[in-house]
Each structure stands twice: as structure tokens, then as C-alpha cells.
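Inspection log for the structure reproduced underneath, given as C-alpha cells.
In my numbering, the protein residues as written are 70 to 360.
Spelled out as C-alpha cells, the structure:
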């Protein structure tokens, strides 16, 4: 018998939330690939490698010290911040590409020039924010990018926070790099793992009534014509035989009561049409609800 494996609450195994978060990012990366082919004079390939949950400190341990963390926020403080984590060589390459330059390698992690810094907001909007917003599966999503921060500064505030971290592999003609998107397990990001009720399509009142009437009009009902009633005893019932006559309380000069679905509906006369028994409707019972 195999021994049970210890459960690490700081890094639980992937579940529904991780799968849904990954599906959102897969859709996002397809849009990012289209955007990057439009923005840059070189090809870039994007691949979602992994989605996992752990504390920010634990997941940040594999990130280079020189990364820049850009907060992406919604208009709802409950959501907290997404964190787009870019190594400096990747950031510099993205900015140089917007200026039409084609590097031959990932550049050293230098600081952006003033001209390059002026392009950061545009790059984040076109390459990341718009694809993330358009791929969001729920209510409309609006993101705003903040100023890039050092990993150390972010860890000081969020070291013990539980986050989702998506690892994204980026391939250029001159080599590969890794970047990350992190999301707090709160607000709308955590709701990705909660099944949402499917709302029934609403119809205008007139259309709804017409649909209901159409349905009701085609429902099968049972119509029963009561020939008459008689009072008797169990002994008399036990003694009945073929040829016996029972005299009903119903006069032959009075019409018969007809029941529809257990409710008195029609007053009719019995008769015949051809070889079939038939009834002739004389009146509609007043105590039956009219349509």
C-alpha cells in the first residue's frame, strides 16, 4: 500500500480555478500573438507553460532580480492587482521593436531611455491590456497599467499573499525568455473557478405569453361524458349479471354533463354520426374558467 503524500497548503495542486485562469490566458495569448505580428518587425511565439498557486514569495523565488512588475488594476478595489512581470531584456526588446529595430540577441537589462520610457504605456496597452480585456469570459473587463516596480518592492507588500502565477515562454528568432502574469486569489480572478448560473434568455411579456399559450393549446386533455349516476349497495353490485337494468337519476330529456381534465366544462346531448357515437354541445358550463 502506498503511503499518502503530505498536502502542501502553501502550494495546492491545480484545480478548477487554475484551469479556468489558464483558459483565459490561452485566449489572451492568441490575441497577443496577432498584436505582436502587427507591432513588431520580427516574429514572436507565445506559449503558456504552467499555471500554479502558491505564496508570492515562493513563486517569486524563480524570477530574476532585475524584473519589472507592472500592476494591472480594475475599477474595483476588491480585485486587487494583476502583476505583469517582465525581465528587463524583454521590456527593452519590446520597446526597441516599436521603434523598428531588430535586435540580434536579448539585450542586457539596462534602464530604458527617455524615448523608450515614453512608449511603455502604449506597449502595455496594445500588447497586453487589450488582449486581456477582450479575452475575459465574463462581464466587460477594463484594466489600467501602473508604473513598473522592482520585485523586492512588490514582495515587501505581498510576500505572504496567495496568488495564481502563469508562466509564459516567449520565443524570438535569437532565443527564449520567460515572463509571468500573477493574479491574487480574490475578486473577479477567484470567481473564475466558481460555476456561474446560466441565465435563461428573457422574452418580452407579449412574446412570453404567446409562447405559453402555444404550449398550453397543444397539451393533451381527457374529455369525459357522464351518462348518469345511480345509488346502489355493495350487495346489489355483487349480484349484478348480464341483462340486468340499472335506472339512472339522469332523465332522457336532460342534457349530459361533460368533464374536461376533471372540471365540468360542457353541457351536451348524446347522439350518433354515422357509425360513431357523438355529442352535440348545447352550452359551456359557467363555472369553468374561460380562456
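The beta carbon of each residue, even a glycine, is placed where N, CA and C say it ideally should be.
Does DSSP put residue 146 in a helix, in a strand, or in coil?
Secondary structure at residue 146: helix, using DSSP grouped into helix, strand and coil.
Classify residue 353 as helix, strand or coil using the three-state DSSP reduction.
It is a strand residue.
Inspect the beta-carbon positions of residue 219 and residue 97 and report whether they are closer than 8 Å.
8 Å or more divides the Cβ of residue 219 from the Cβ of residue 97.
Might you give, ordered along the chain, the residues of its own chain that have their beta carbon closer than 8 Å to the beta carbon of residue 169, omitting 5 neighbours on each side?
These residues qualify, in order along the chain: 110.
Between which two residues does the alpha helix (DSSP H) carrying residue 230 extend?
Residue 230 -> no alpha helix (DSSP H), and no H or E assigned at all.
Pull up the CB-CB distance for residue 155 and residue 136, whole angstroms please, since I reckon it's below 8 Å.
Contact between residue 155 and residue 136 holds: their C-beta atoms lie close to 6 Å from each other, under 8 Å.
Could you have a look at residue 197 and say whether DSSP puts it in helix, strand or coil?
DSSP, reduced to helix, strand and coil, places residue 197 within a helical segment of the structure shown.
Measuring straight from C-alpha to C-alpha, what distance separates residue 103 and residue 173?
Going from the Cα of residue 103 to the Cα of residue 173 covers about 22 Å.
Below 8 Å, how does it come out for the stretch 221 to 239 and the stretch 122 to 139: are there three or more Cβ pairs, yes or no?
Enough Cβ pairs lie closer than 8 Å, so yes.
Just checking my contact of residue 159 with residue 248 at CB under 8 Å: how many whole Å lie between their CB atoms?
Confirmed, about 6 Å.
Which of the three DSSP states is assigned to residue 155 in this structure?
Note: residue 155 maps to strand in three-state DSSP.
Use the C-beta contact count for residue 196: other C-beta atoms within 10 angstroms, 16 or more gives buried, fewer gives exposed.
Its Cβ being crowded by 16 or more others within 10 Å, residue 196 is buried.
Stretch-stretch touch, CB-based, cutoff 8 Å, three pairs: the stretch 320 to 327 with the stretch 339 to 354:
The stretch 320 to 327 vs the stretch 339 to 354: in contact.
Which two residues bound the contiguous alpha helix (DSSP H) that contains residue 215?
Run containing residue 215: none; DSSP gives neither H nor E here.
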